[in-house]
Amino acid sequence: MIHDLIELYSDYLLSSFGKTTATGLSNLSDDAYSHDQVTRLLS
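For our numbering, count along the sequence shown from 1 and bump the result up by 329.
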């Protein structure tokens, strides 16, 4: 699961043209990953 989130996060950063946020990634993934999960990954 962590590996999948890391892959998704890196793809999100590479394909984004604007600001990237943990909330934005959570919304993009249809809440498959919560804002808190993304934040914990980055801390």
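For every residue, glycine included, the Cβ atom is placed at its ideal position computed from N, Cα and C.
Linking leucine 342 to threonine 349 through their CA atoms gives a straight-line distance of about 7 Å. In the structure shown, aspartate 360 falls within a coil segment according to DSSP collapsed to helix, strand and coil. In the DSSP annotation of this structure, the continuous segment of the alpha helix (DSSP H) that includes serine 344 starts and ends at 331-344. CA-to-CA, the gap between aspartate 360 and serine 339 works out to about 17 Å.
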